[in-house]
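Novice: The opening residue of the sequence shown carries number 36 in the numbering used here; numbering runs sequentially from there. Here a beta-carbon is modelled for each residue, glycine too, at the ideal position from N, C-alpha and C. Computed from a predicted model, the values in this text were never measured in an experiment. Pasting in a structure now, in structure tokens, and then I'll have a few things to ask.
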Amino acid sequence: MISIVIPVKNEAESLPHLTDELFAILKTVREPYEILFVNDGSTDKTKIALESVARKNKHVRVFHFRANFGKSEALAYGFSQAKGNVVVTLDADLQDNPKEIIKLIEKLNDGYDLVVGWRKERKDSVEKKISSYLFNVGTRFLSGVPLHDYNCGLKAMTGNVAKSLNLHGELHRFIPILAAKLKYKVTELPVAHRKRKFGKSKFGLGRSWRAVIDLLTVLFLTHYEGKPAHFFGLYGFLLTSIGFVMNAYVTYIRVTTGSVGHHIPLLLAGILLMVIGVQLISVGLIAELVTSMSRKKQDYV
Ligand code: UDP
Ligand code: MG
Numbered sequence: 036m037i038s039i040v041i042p043v044k045n046e047a048e049s050l051p052h053l054t055d056e057l058f059a060i061l062k063t064v065r066e067p068y069e070i071l072f073v074n075d076g077s078t079d080k081t082k083i084a085l086e087s088v089a090r091k092n093k094h095v096r097v098f099h100f101r102a103n104f105g106k107s108e109a110l111a112y113g114f115s116q117a118k119g120n121v122v123v124t125l126d127a128d129l130q131d132n133p134k135e136i137i138k139l140i141e142k143l144n145d146g147y148d149l150v151v152g153w154r155k156e157r158k159d160s161v162e163k164k165i166s167s168y169l170f171n172v173g174t175r176f177l178s179g180v181p182l183h184d185y186n187c188g189l190k191a192m193t194g195n196v197a198k199s200l201n202l203h204g205e206l207h208r209f210i211p212i213l214a215a216k217l218k219y220k221v222t223e224l225p226v227a228h229r230k231r232k233f234g235k236s237k238f239g240l241g242r243s244w245r246a247v248i249d250l251l252t253v254l255f256l257t258h259y260e261g262k263p264a265h266f267f268g269l270y271g272f273l274l275t276s277i278g279f280v281m282n283a284y285v286t287y288i289r290v291t292t293g294s295v296g297h298h299i300p301l302l303l304a305g306i307l308l309m310v311i312g313v314q315l316i317s318v319g320l321i322a323e324l325v326t327s328m329s330r331k332k333q334d335y336v
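Laid out in structure tokens, this is it:
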């Protein structure tokens, strides 16, 4: 079964066009399918529009959030409800062409766990193109997962991937990295992109700093989750050792010459390094304690 998960916030005008396009495409597939709309606290007529689609079509399931919880939470909820062994995600604003679903699934069936859309020719504002470009270059460099467009709304994945992603906050941008770190086979496929006709984009430039912070979180979690003391411990130990050597030298001078002389700055620097080093080691141990308490039973399939 194919589950199509669509997060929706204030896209009432786009929805009728989107559903027409989707049904036209899905008529051509032989597998059973379902379409899951997650209404992420829309304040326009989205709710009414979705209810009316759901009434007319038995393949459609609709979920309404009490308030706006964000695209990541909407996707996470859709994934938790999806019954398919293939899960496809799609934006509701018509920027993603539903026709591409077929190609993505074909590629998935070539033996991949996640196929990520690559908007080779983006139809967005210049600021958005530039910020996305920087985000993608930075993410590629830091994560080592070789893709061009990490945050494309169009993706196809196996049910296992959908169920094992633990999305929250704004982590939807990093789905390919989360999947790659769980050792799933990830690839990309160029897809068409269209201009937004109705409504407004919900992710403006003013929020892009969050992506940078999130990237650090994701890299930290995926590299060191389960063993944060290794990360903090290494740097803490290094700083403490350097500080110790500096102070040992000052002590040696004091003992042999009877005065520390002009070595006060060295003494202070040594003390500072040792204090910071011990703090880092302690933070690592506390982080270790926290992860050991919150560790989930299973992170693997
Ligand atoms: N969206 C959502 N919750 C939010 C913000 C966005 O469900 O808090 C949905 C939105 O309705 C759309 C998709 O996520 O279907 C992508 O949003 P948008 O088109 O605004 O992002 P952009 O394409 O401008 O990056
Ligand atoms: Mg969009």
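Is isoleucine 41 a contact residue of the ligand UDP, with contact defined as CB to any heavy atom under 8 Å?
Specialist: yes
Novice: Flag this pair as yes or no: are the beta carbons of isoleucine 140 and isoleucine 37 separated by less than 9 Å?
Specialist: yes
Novice: Just to confirm, is the Cβ distance from proline 225 to lysine 155 under 9 Å?
Specialist: yes
Novice: Let me make sure I understand the geometry here. Which of Glu260, Lys163 and Arg245 has the alpha-carbon closest to that of serine 230?
Specialist: It should be noted that the sequence gives lysine, not serine, for residue 230. Minimum Cα distance to lysine 230 is reached at Lys163.
Novice: Any idea which residues DSSP pairs tyrosine 287 with across the strands?
Specialist: Bridge partners of tyrosine 287: none, in fact.
Novice: Just tell me which of Gly119, Gly76, Val122 and Ala111 has its CA closest to the CA of phenylalanine 100.
Specialist: For the set Gly119, Gly76, Val122 and Ala111, the Cα lying nearest the Cα of phenylalanine 100 is the one of Gly76.
Novice: Sort out for me which residues DSSP pairs isoleucine 41 with in a bridge.
Specialist: Phe72
Novice: Can you find a heavy atom of the ligand MG that lies under 8 Å from the Cβ of glycine 188?
Specialist: yes
Novice: Quick one, what's near the ligand SAH if you take every residue whose CB is closer than 6 Å to any heavy atom, in chain order?
Specialist: The ligand SAH is not part of the structure shown, which contains the ligand UDP and the ligand MG as its ligands.
Novice: Are tyrosine 185 and arginine 208 closer than 9 Å when you measure CB to CB?
Specialist: yes
Novice: Under the DSSP definition of a beta bridge, which residues are partnered with methionine 281?
Specialist: Methionine 281 is not bridged to any residue.
Novice: If you run the structure through DSSP and keep just helix, strand and coil, what is alanine 102?
Specialist: coil
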